[in-house]
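Here's the structure we're looking at; comments come further down.
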Amino acid sequence: QQQVKQSPQSLIVQKGGISIINCAYENTAFDYFPWYQQFPGKGPALLIAIRPDVSEKKEGRFTISFNKSAKQFSLHIMDSQPGDSATYFCAASRGPGTASKLTFGTGTRLQVTL
Amino acid sequence: GAVVSQHPSWVICKSGTSVKIECRSLDFQATTMFWYRQFPKQSLMLMATSNEGSKATYEQGVEKDKFLINHASLTLSTLTVTSAHPEDSSFYICSAGQGLAQHFGDGTRLSIL
């Protein structure tokens, strides 16, 4: 049973455009939602994360939008750059307040073209 | 901050050999570390959760006698693939917990001939 569904599977965006990746979860006990960026041959790097008590979090060009009632969250990359071309994973975990096991989405391969 | 070092980054060995992979949190202490396996163009699959000073918790379907995990200190966890076979070839990635976050190493590419 896949508890975190991610879409699209792949995405092509022009330089300067907005990249949007969506995730939906099923388990209402999840209370931590991070996004990771992974380049080929490297481990995932934590980009940004959100808790369910806020609806939006922004860090630089990256924004997470969170809709608790719909059980959905999304990553927006503003002013997308060729260097943003990577695979992005959403994830979710549940308490109790320290790092606990993450349930990952299936990943989105982003390509930013010139 | 929050740097996780994984070593080796790449290993090739013969079938039947045991291989040890190290995961170190360099600038923070991690009570909990995690080991993942990733197949090409797929998501990360959690293998086990290790807590410092106690036995690891393995996910369903992961053979604990084949994938030995030791978390002897707050900055080091090791994964030993025992009697490795070609089907064990994969990309193994560790992460270390800091607060709610998990910070990942750069992975180990394991190739069994």
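These protein sequences, in sequence, are chains A and B. In terms of our numbering, the first sequence has 364 at position 57, counting the first letter as 1, and numbering is strictly consecutive. In terms of our numbering, the second sequence has 73 at position 66, counting the first letter as 1, and numbering is strictly consecutive. We treat Cβ as the ideally placed atom computed from N, Cα and C, and that holds for glycine.
Looking from the CA of Cys20 of chain B, the closest CA among B:Asn58, B:Ser32, B:Gly8, B:Pro93 belongs to B:Pro93. With distances taken between CA atoms, Gly112 of chain B lies nearest to B:Cys30 out of B:Cys30, B:Trp17, B:Val18, B:Tyr65. Contact between Ser96 of chain B and Ile119 of chain B holds, with the beta-carbon distance rounding to 5 Å and staying under 8 Å. Per DSSP, the beta-bridge partners of Pro341 of chain A are A:Ala356. Ranking B:Ala63, B:Pro47, B:Lys48 by CA distance to the CA of Met54 of chain B puts B:Ala63 first. The C-alpha of Gly324 of chain A lies about 8 Å from the C-alpha of Ile384 of chain A. By a beta-carbon distance limit of 8 Å, Gln13 of chain B does not contact Gly106 of chain B. Their separation comes to about 20 Å. Neighbourhood of Ser61 of chain B in chain A, by CB distance below 7 Å: empty, with the nearest CB roughly 14 Å away. Look at Glu366 of chain A here: in three-state DSSP terms it is strand.
Straight-line measurement puts the Cα of Trp342 of chain A at about 6 Å from the Cα of Leu353 of chain A. Those residues of the stretch 344-364 of chain A placed with their C-beta closer than 9 Å to a C-beta in chain B are Gln345, Gly348, Lys349, Gly350, Pro351, Ala352, Leu353, Ala356, Arg358, ordered along the chain.
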